[in-house]
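S.K.: First to last, the protein sequences are chains A and B. 0 is the number of the first residue of the first sequence in numbering that gives the first Met the number 0; add one for each residue after it. 0 is the number of the first residue of the second sequence in numbering that gives the first Met the number 0; add one for each residue after it.
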Amino acid sequence: MKKGKTNWLITGLLIAGSLLILFPLYLAVTISFKTPEEMGKSLLALPEQWNFSNYAQAIELTNFFQAMGNSLFITIFVVVLTLLTNSMVAYAIARNMHKKFYKFIFYYLVSAMFIPFPIIMLPIVKQTAQWNLDNLVGLIFLYVVYGLAFNVFLYVGYIKSIPAELEEAAIVDGASTWVVFWKVIFPLLMPMNATVGILTTLWAWNDFMLPLVIISDRELSTLPLVQFVFQGQFSTDYNLAFSSYLMALAPMILVYIIAQKWIISGVTKGAIK
Amino acid sequence: MKSRQRAFMLMTIPALILFFIFHTYPALQGIYYSFTDYKGYGEWNFVGLKNYFNVFQDERALQAYGFTFKFAIIATILVNIFSLVIAIGLNSKIKFSKTLRAVYFLPNILSILIVGYIFNFIFTFFIPDIAQALGINALAENILGKPDAAWIGIIVVSVWQGVAFNTILYLAGLVTIPEELYEAASIDGAGTWKKFWSITFPLIAPFFTINMVLAMKNFLMVFDHIMAMTGGGPGTSTESISLLIFRGGFEGGEFAYQSANAVIYFLVIVIISVVQLRYLQRREVEL
Chain A
0 MKKGKTNWLI
10 TGLLIAGSLL
20 ILFPLYLAVT
30 ISFKTPEEMG
40 KSLLALPEQW
50 NFSNYAQAIE
60 LTNFFQAMGN
70 SLFITIFVVV
80 LTLLTNSMVA
90 YAIARNMHKK
100 FYKFIFYYLV
110 SAMFIPFPII
120 MLPIVKQTAQ
130 WNLDNLVGLI
140 FLYVVYGLAF
150 NVFLYVGYIK
160 SIPAELEEAA
170 IVDGASTWVV
180 FWKVIFPLLM
190 PMNATVGILT
200 TLWAWNDFML
210 PLVIISDREL
220 STLPLVQFVF
230 QGQFSTDYNL
240 AFSSYLMALA
250 PMILVYIIAQ
260 KWIISGVTKG
270 AIK
Chain B
0 MKSRQRAFML
10 MTIPALILFF
20 IFHTYPALQG
30 IYYSFTDYKG
40 YGEWNFVGLK
50 NYFNVFQDER
60 ALQAYGFTFK
70 FAIIATILVN
80 IFSLVIAIGL
90 NSKIKFSKTL
100 RAVYFLPNIL
110 SILIVGYIFN
120 FIFTFFIPDI
130 AQALGINALA
140 ENILGKPDAA
150 WIGIIVVSVW
160 QGVAFNTILY
170 LAGLVTIPEE
180 LYEAASIDGA
190 GTWKKFWSIT
200 FPLIAPFFTI
210 NMVLAMKNFL
220 MVFDHIMAMT
230 GGGPGTSTES
240 ISLLIFRGGF
250 EGGEFAYQSA
260 NAVIYFLVIV
270 IISVVQLRYL
280 QRREVEL
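1) Where does A:T127 sit, in a helix, a strand or coil, going by DSSP?
2) Answer with yes or no whether the minimum CB distance from A:Q259 to chain B is below 8 Å.
3) What are the residues that DSSP puts in a beta bridge with B:T35?
4) Flag B:P25 as yes if its beta-carbon sits less than 8 Å from any beta-carbon of chain A, otherwise no.
5) Are at least three pairs of beta-carbons, each pair with one atom in the region 212-229 of chain B and one in the region 206-224 of chain A, less than 8 Å apart?
6) Taking all protein chains shown into account, do 16 or more other C-beta atoms lie within 10 angstroms of the C-beta of A:V179, making it buried, or fewer, making it exposed?
7) Could you tell me the distance, in whole angstroms, from the CA atom of A:L198 to the CA atom of A:S220?
8) Please state whether the Cβ-Cβ distance between B:G29 and A:L138 is less than 8 Å.
9) Starting from A:S52, trace the alpha helix (DSSP H) in both directions and tell me its first and last residue.
10) Which bits of chain A does B:Q131 rub up against, with CB to CB less than 7 Å?
11) Taking B:Q28 as the query, report the chain A residues whose CB atoms sit under 7 Å from its CB, ordered along the chain.
12) What do you get for B:G152, buried or exposed, if any count of 16 or more other CB atoms within 10 angstroms of its CB means buried?
13) Can the beta-carbon of B:I240 be found closer than 8 Å to that of B:Y256?
14) Please give the ranges of any alpha helix (DSSP H) in the region 58-121 of chain B, keeping only runs that are unbroken, at least 4 residues long and fully inside the region.
15) Indicate, with yes or no, if the ligand ADP has a heavy atom lying under 7 Å from the CB of B:I87.
16) Whose C-alpha, out of A:Q226, A:I263, A:D236 and A:I262, is nearest the C-alpha of B:S110?
17) May I ask you to report which of helix, strand or coil DSSP gives B:P146?
18) Going along chain A in order, which residues have a C-beta closer than 7 Å to the C-beta of B:A14?
19) I want to verify the contact list: residues of chain B whose CB lies under 8 Å from the CB of A:S31, in sequence order.
20) Return the residues of the region 184-211 of chain A that lie within a Cβ-Cβ distance of less than 7 Å from chain D, sorted by chain order.
21) Applying a beta-carbon distance threshold of less than 8 Å, which residues of chain B neighbour A:P162?
22) Please confirm whether B:F176 and B:L202 have their CB atoms less than 8 Å apart.
23) Going by CA-CA distance only, name the one from B:F7, B:V274 and B:N50 that's closest to B:A261.
24) Can you find the residues in the same chain that come closer than 7 Å, C-beta to C-beta, to B:P287, ignoring five residues on each side of it along the sequence?
25) Identify each residue in the region 214-237 of chain B for which the Cβ-Cβ distance to at least one residue of chain A is less than 9 Å, and report them in chain order.
26) Give me the Cα-Cα distance between A:M0 and A:G269, rounded to the nearest whole angstrom.
27) Would a C-beta distance cut-off of 8 Å place A:I20 and B:V102 closer than the cut-off?
28) Could you check whether the Cβ of B:L89 sits closer than 8 Å to any Cβ belonging to chain A?
29) Who are the neighbours of B:T11 on chain A, taking C-beta pairs under 7 Å?
30) Roughly how many angstroms separate the alpha carbons of B:R246 and B:L89, rounded to a whole number?
31) Counting only beta-carbon atoms, is A:K4 nearer than 8 Å to chain B?
32) Since A:A148 and A:V109 are thought to touch, with beta carbons under 8 Å apart, how far apart are those beta carbons, to the nearest angstrom?
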């Protein structure tokens with residue numbers, strides 16, 4: 000596609016810049032394997048012995064597997080439910096934008112993007128507690144509902160670019176609107192589903208504020224939430240803390256390494272529409 | 000055709016009701032409570048606009064607004080400059096372009112809370128360690144511990160992470176610019192700078208608008224970064240509005256008062272976003 004010579008100057012600058020991104024991670028990895036004594040000698044050096052005991056301790060201290068289970072549970076359900084429901088809402092809106100009612104719904108949902116979470120934070124905590132939703136199910140529910148604001152915006156833009164003739168053929172054949180949506184539209188939405196899926200995964204997995212205010216039961220803590228112990232009673236044990244941080248970051252990094260090409264192009268597609 | 004309309008209704012109405020119950024209704028409740036003296040429990044009375052007047056006289060709230068604005072404006076500008084530069088770099092004829100793209104997008108997938116913890120360590124131990132060895136006194140102390148410098152640390156982390164997403168958005172815009180335009184400009188004798196201002200920048204104007212508005216909105220809502228790095232300190236020097244509402248509302252028994260603060264905060268964000276959109280979009284049309 001591109002002609003001409005490689006620009007080595009820019010390549011070099013970009014490589015140098017990328018070290019700024021990788022360096023904090025390098026530091027985190029090496030420190031997580033060190034002992035406090037080794038840290039005293041040099042912060043930069045590789046560990047003399049790769050010492051896994053920090054990891055074992057961190058797993059116990061944070062109840063790591065339970066927290067990861069909670070995070071996984073939330074993320075999987077949120078992503079699946081978001082894709083199935085938010086796309087459907089957007090489809091109905093996109094195909095009826097000429098009607099006042101649907102136009103109103105569209106702007107109603109999209110304008111909610113600008114409502115800062117703190118304005119609903121205090122009442123929603125009371126509400127979820129009263130309705131027994133101060134648990135993982137409630138959290139999943141809230142993510143799916145709150146996602147509507149941005150996802151409808153993304154989906155509607157995309158659905159508008161899908162020609163209506165494709166659906167008309169199916170309707171003439173007697174397919175109901177539901178069948179049209181699931182059999183014709185939903186498969187065509189795959190590029191946008193990828194975008195929404197990726198953004199939703201990142202949100203549900205990394206979010207800190209919503210679990211912080213909704214979840215009070217320690218057993219239901221998510222991964223970002225359990226890292227909090229290192230701010231209090233274990234605040235001086237950095238080796239332990241860093242192994243815990245890395246374990247919390249690792250699942251996302253692994254997924255990213257495997258699927259990065261796909262993730263980046265997914266996000267890019269969301270941007271172009 | 001009637002069944003078609005019914006299906007569309009069934010697709011939207013339940014979602015709409017849920018959205019109202021779990022988003023709009025709490026928001027309205029927050030507005031309602033902002034006119035009372037409700038502490039989050041117990042008896043309460045209407046107090047009219049008293050909470051609102053008090054917010055404007057509250058040193059701590061004003062400081063939180065000051066800090067949040069300063070932070071959001073500087074972070075937005077820096078993020079956009081860096082991401083535009085990096086995107087242009089990634090879009091030029093370079094080697095390892097896929098790998099570099101992957102590395103530059105990496106921060107976006109990481110939890111900012113945990114990234115903040117890691118940087119907290121870097122500011123507390125690593126930088127002072129190096130600075131002492133090199134004899135740079137200005138950096139020999141933890142900047143997060145200095146009331147007038149802690150915000151810089153938070154900016155560094157926010158930019159470090161925020162650049163990733165905006166870079167990808169800019170890149171998405173840059174790849175749509177046809178190569179021929181640059182070639183034509185080269186033939187006309189345009190230099191790199193000229194090409195940037197008369198081709199690149201105008202053509203990615205819509206991406207510039209969306210990046211500026213999104214970045215500003217997100218940085219005005221800053222929370223995780225601060226929880227992870229300073230907890231609002233030293234003192235209250237890095238307390239953002241979100242953090243203040245969270246603390247006062249949940250821990251300080253200021254449910255109603257902080258609700259009023261949240262309403263003001265909401266209005267501020269809407270006004271800034273609308274003004275930004277208007278101004279930047281007008282620029283787009285002119286070009």
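Don't be surprised by glycine CBs; every beta carbon is placed ideally from N, CA and C. Everything numeric in this text was worked out from a predicted model, so none of it was measured.
M.R.: Quick answer:
1) Position 128 of the first sequence holds residue 127 of chain A. Helix at A:T127.
2) In the first sequence, counting from the first residue as 1, residue 259 of chain A sits at position 260. Yes, its Cβ sits closer than 8 Å to a Cβ of chain B.
3) Reading the second sequence from its first residue, position 36 is the one you call residue 35 of chain B. Partner(s): B:F45.
4) For the purposes of this step, residue 25 of chain B is identified with residue 26 of the second sequence, where counting begins at 1. Closer than 8 Å to some Cβ of chain A, the Cβ of B:P25 qualifies, so yes.
5) yes
6) Here residue 179 of chain A corresponds to residue number 180 of the first sequence, with the count starting at 1. Buried, since its Cβ has 16 or more Cβ neighbours within 10 Å.
7) Translated into the one-based positions of the first sequence, residue 198 of chain A becomes position 199. Translated into the one-based positions of the first sequence, residue 220 of chain A becomes position 221. Looking at the two C-alpha atoms, the distance is approximately 22 Å.
8) Counting from one through the second sequence, the residue named residue 29 of chain B turns up at place 30. Counting from one through the first sequence, the residue named residue 138 of chain A turns up at place 139. Result no, Cβ atoms of B:G29 and A:L138 do not sit closer than 8 Å.
9) In the first sequence, residue 52 of chain A corresponds to position 53, counting from 1. Looking at the DSSP string, the run of the alpha helix (DSSP H) that includes A:S52 is S52 to T61.
10) Taking the first residue of the second sequence as 1, we reach residue 131 of chain B at position 132. By Cβ distance, chain A contributes nothing, its closest Cβ being about 12 Å from B:Q131, past 7 Å.
11) Along the second sequence, read from residue 1 onward, the residue named residue 28 of chain B stands at position 29. Near B:Q28 (Cβ distances below 7 Å), the residues of chain A are P122.
12) Translated into the one-based positions of the second sequence, residue 152 of chain B becomes position 153. By the 10 Å Cβ count, B:G152 comes out buried.
13) Translated into the one-based positions of the second sequence, residue 240 of chain B becomes position 241. Translated into the one-based positions of the second sequence, residue 256 of chain B becomes position 257. Taking 8 Å as the Cβ cut-off, B:I240 and B:Y256 do not qualify as a contacting pair.
14) 58-90, 96-108 and 111-120
15) In the structure on display, the ligand ADP does not appear, and there are no ligands present to speak of.
16) Residue 110 of chain B sits at position 111 when you count from the first residue of the second sequence. Among A:Q226, A:I263, A:D236 and A:I262, the Cα nearest to that of B:S110 is on A:Q226.
17) If you number the second sequence from 1, residue 146 of chain B lands on position 147. Looking at B:P146 - three-state DSSP - the assignment turns out to be coil, as it is neither helix nor strand.
18) Along the second sequence, read from residue 1 onward, the residue named residue 14 of chain B stands at position 15. Chain A residues near B:A14: T84, V88 and L147.
19) Numbered from its first residue, the first sequence carries residue 31 of chain A at position 32. What A:S31 touches in chain B: nothing, since even the nearest Cβ is about 10 Å away.
20) The structure shown contains no chain D; its protein chains are A and B.
21) Taking the first sequence and counting its residues from 1, the one referred to as residue 162 of chain A is at position 163. Correct list: empty, because the minimum Cβ distance to chain B is about 18 Å.
22) Start at 1 with the first residue of the second sequence, and residue 176 of chain B comes out as number 177. Start at 1 with the first residue of the second sequence, and residue 202 of chain B comes out as number 203. Reading off the sequence, residue 176 of chain B comes out as Ile, not Phe. Yes, Cβ-Cβ distance for B:I176 and B:L202 is below 8 Å.
23) If you number the second sequence from 1, residue 261 of chain B lands on position 262. Selected option, being the one with the closest Cα: B:N50.
24) Coverage of chain B is limited to positions 0 through 286, which leaves residue 287 of chain B absent and any answer about it impossible.
25) K216, L219, M220, F222, D223, M226, A227 and G230
26) As a first step, residue 0 of chain A must be located in the first sequence, where it is residue number 1. As a first step, residue 269 of chain A must be located in the first sequence, where it is residue number 270. Because the pLDDT of A:M0 is 42, which lies under 50, any placement of that residue in the model is unreliable, and the number read from its coordinates should be weighed accordingly. About 23 Å.
27) Walking along the first sequence from the start, residue 20 of chain A turns up at place 21. Walking along the second sequence from the start, residue 102 of chain B turns up at place 103. B:V102 is positioned such that its CB atom lies closer than 8 Å to that of A:I20.
28) What you label residue 89 of chain B is simply residue 90 of the second sequence in a count that begins at 1. Yes, because at least one Cβ of chain A sits closer than 8 Å to the Cβ of B:L89.
29) Along the second sequence, read from residue 1 onward, the residue named residue 11 of chain B stands at position 12. Here the neighbours are V88, A91, I92 and I104.
30) Within the second sequence, residue 246 of chain B is the residue found at index 247, counting from 1. Within the second sequence, residue 89 of chain B is the residue found at index 90, counting from 1. Cα to Cα, the separation comes out at about 42 Å.
31) As a position in the first sequence, residue 4 of chain A is number 5, starting the count at 1. Closer than 8 Å: yes.
32) Within the first sequence, numbered from 1, the residue matching residue 148 of chain A stands at position 149. Within the first sequence, numbered from 1, the residue matching residue 109 of chain A stands at position 110. Rounded to whole angstroms, the Cβ separation of A:A148 and A:V109 is 6 Å, and the two are in contact under 8 Å.
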